[in-house]
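One structure is given below, encoded as structure tokens.
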Amino acid sequence: MTLHRTRAFSRHAALVVGALLVLVGVSGCAADGGPGDGGASAESAATETPTAAPTTEPSSAADDEVTCNAFGDVQTILHNAQAAFYDERMTERELDGWTALASRVLGNIPAADDGRVSDALAAVKEAVPAVQAPLGPSNILSREWDVPGAELLAACEAAGFPVITNGFIGG
């Protein structure tokens, strides 16, 4: 295995592990506390007036769904390209072409005006600028990708739009 393959694999594994840790942390925050957790009692909760949801929520949620689905496409491109590369069914030049394509797809993902998903997408786009040349160099598999990529995965999960990666290389 070449140094490029080993580094890229460890980065991808770190992204996956980081995303899982973030997701576990997010799901733990949603757990309901028991008595003595400082929460309001049932009586005081019944007297509070509910606040209206922001009017921009539906369009923002629709934008978040599009963003998260498109990010799944980027993840699918990267997953399958790396799998083929590690199985030695693809050259490094071909992998570079697929990563350049993934960075351009990432650069074209639309975002809502505001919110956690939009902010996370902006951080990913800042860390991994879109490649303009067909086979230009991309840092989409670098360490710069790991943290913002994991944050976008977590933001999509928290918004109710989990990122789905499709594997179709191999057997």
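Read in order, the letters of the sequence shown are residues 79 to 249 in the working numbering. For glycine and all other residues, C-beta sits at the position ideal for the given N, C-alpha and C.
Let me know if residue i comes out buried or exposed under the rule of 16 or more other beta-carbons within 10 Å of its beta-carbon.
| i | result |
| --- | --- |
| proline 240 | exposed |
| threonine 177 | buried |
| alanine 200 | exposed |
| proline 233 | Contrary to the premise, residue 233 reads as alanine rather than proline in this sequence. Classification of alanine 233: buried, given that the 10 Å Cβ count is 16 or more. |
| glutamine 210 | exposed |
| glycine 193 | buried |
| isoleucine 218 | buried |
| alanine 237 | buried |
| isoleucine 242 | exposed |
Ends of the alpha helix (DSSP H) at residue i?
| i | result |
| --- | --- |
| arginine 182 | 170-185 |
| serine 220 | Here serine 220 belongs to no alpha helix (DSSP H), and DSSP marks it neither H nor E. |
If we ignore side chains and look at the alpha-carbon of each, how far apart do residue i and residue j end up?
| i | j | result |
| --- | --- | --- |
| glutamate 229 | alanine 198 | 6 Å |
| leucine 179 | glutamate 172 | 11 Å |
| phenylalanine 149 | isoleucine 187 | 7 Å |
CB residue i to CB residue j, shorter than 8 Å?
| i | j | result |
| --- | --- | --- |
| histidine 157 | glycine 245 | yes |
| alanine 190 | aspartate 142 | yes |
| valine 206 | threonine 145 | no |
In this structure, does DSSP put residue i in helix, strand or coil?
| i | result |
| --- | --- |
| alanine 233 | helix |
| glycine 150 | helix |
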